[in-house]
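Data first, discussion second: the structure below is written as structure tokens.
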Amino acid sequence: MPWLIGLVRASPGWAHVDWLATSVIASALGDGPGLRRRVRAWARDRDVWVRRTALLVQHDALRRGEGDFALFAEIAAPMLGEREFWIRKAIGWVLREVSKKRPALVRDFLLEHRERVSGLTLSEGAKYLPAAMRRELGLAPVPAWSRREEARAGG
Numbered sequence: 244m245p246w247l248i249g250l251v252r253a254s255p256g257w258a259h260v261d262w263l264a265t266s267v268i269a270s271a272l273g274d275g276p277g278l279r280r281r282v283r284a285w286a287r288d289r290d291v292w293v294r295r296t297a298l299l300v301q302h303d304a305l306r307r308g309e310g311d312f313a314l315f316a317e318i319a320a321p322m323l324g325e326r327e328f329w330i331r332k333a334i335g336w337v338l339r340e341v342s343k344k345r346p347a348l349v350r351d352f353l354l355e356h357r358e359r360v361s362g363l364t365l366s367e368g369a370k371y372l373p374a375a376m377r378r379e380l381g382l383a384p385v386p387a388w389s390r391r392e393e394a395r396a397g398g
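Its first residue numbered 244, the sequence shown is counted upward by one per residue in the working numbering.
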């Protein structure tokens, strides 16, 4: 695993990191006993790409309605205050995908951390939440992107 994290550290940008995290590293780790230990360590790393990897390594499993959301929430919560765009975007991206199958988990996470969640993370994470849950978060029941799409379609 260290050589894969070495590739992450040497990555030129997010696209390479995301592919490594969601495909290669996720497959190598599986959901075995090393997952929690490694992800927790990566989440505290100084390198932004390694921290992003910690957030994204469960992306596909979480998107399928599987994965360990509690672990994701545990490592994501301390990163909510980060100014780094790539971290805020990754948290929002995972939340958005989780919301498609388990919206209550996302709503609860966002409500618990509402005061610390960046606008980017909030808008990404709440993008597909039902109207009632969006209202609970103090958001418009219909996201702006949906209203724009409707206007373009002539609706």
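We put the beta carbon where it would ideally sit given N, CA and C, even for glycine.
Where H356 sits in the DSSP three-state scheme: coil
G308 and K332 closer than 7 Å at C-beta: no
Option nearest E355 by Cα separation, candidates G273, R306, R289 and L323: L323
Neighbourhood of V291 by C-beta distance below 7 Å, restricted to the same chain and skipping five residues each side: E327, W329 and I330
Any C-beta of chain C under 7 Å from that of L272: In the structure shown, chain C does not exist; there is a single protein chain.
Residue range of the unbroken alpha helix (DSSP H) whose run includes S361: From DSSP, S361 is part of no alpha helix (DSSP H); its letter is neither H nor E.
Buried versus exposed call for E358 [16 or more other C-beta atoms within 10 Å across all chains shown]: exposed
Closest residue to A304 among V385, E340 and W285 (Cα-Cα distance): E340
Reduced DSSP category for V251 - H, G, I as helix; E, B as strand; rest coil: helix
Cβ pair I334, A286 closer than 7 Å: no
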